[in-house]
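In the UniProt record's numbering, the protein residues as written are 1 to 67.
Glycine residues also receive a C-beta, built at the ideal position from the N, C-alpha and C atoms.
In this text, all values refer to a predicted model and were calculated from it rather than measured experimentally.
Inspection log for the structure reproduced underneath, given as structure tokens.
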């Protein structure tokens, strides 16, 4: 998958995907000067970017543990 296709899949700009590649924050494969992505790599990036919601009770529990 090309950078433009990966950007469409991730709903990001191609520029942002290129920055992720430059910062080595996303897995990719390089063939000469060409950068390619696998669907598995993109799905792993999506999962790694997942933010788990917290509940109010969880916040209070964590605050009590710190005290």
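Is the beta carbon of residue i less than 7 Å from the beta carbon of residue j?
{"i": "residue 13", "j": "residue 22", "result": "no"}
Which two residues bound the contiguous alpha helix (DSSP H) that contains residue i?
{"i": "residue 19", "result": "14-22"}
{"i": "residue 7", "result": "3-10"}
Please identify the residue among the options whose C-alpha is closest to the C-alpha of residue i.
{"i": "residue 43", "options": "57, 28, 55", "result": "28"}
Report the CB separation of residue i from residue j in whole angstroms; it is logged as a contact under 8 Å.
{"i": "residue 24", "j": "residue 2", "result": "About 19 Å separates the two Cβ atoms, so there is no contact after all."}
{"i": "residue 4", "j": "residue 26", "result": "Contact doesn't hold; Cβ gap of about 15 Å is too wide."}
Return the first residue and the last residue of the beta strand (DSSP E) that residue i is part of.
{"i": "residue 78", "result": "Because the chain in this structure spans residues 1 to 67, residue 78 falls outside the shown range and cannot be described."}
{"i": "residue 31", "result": "29-31"}
{"i": "residue 36", "result": "34-36"}
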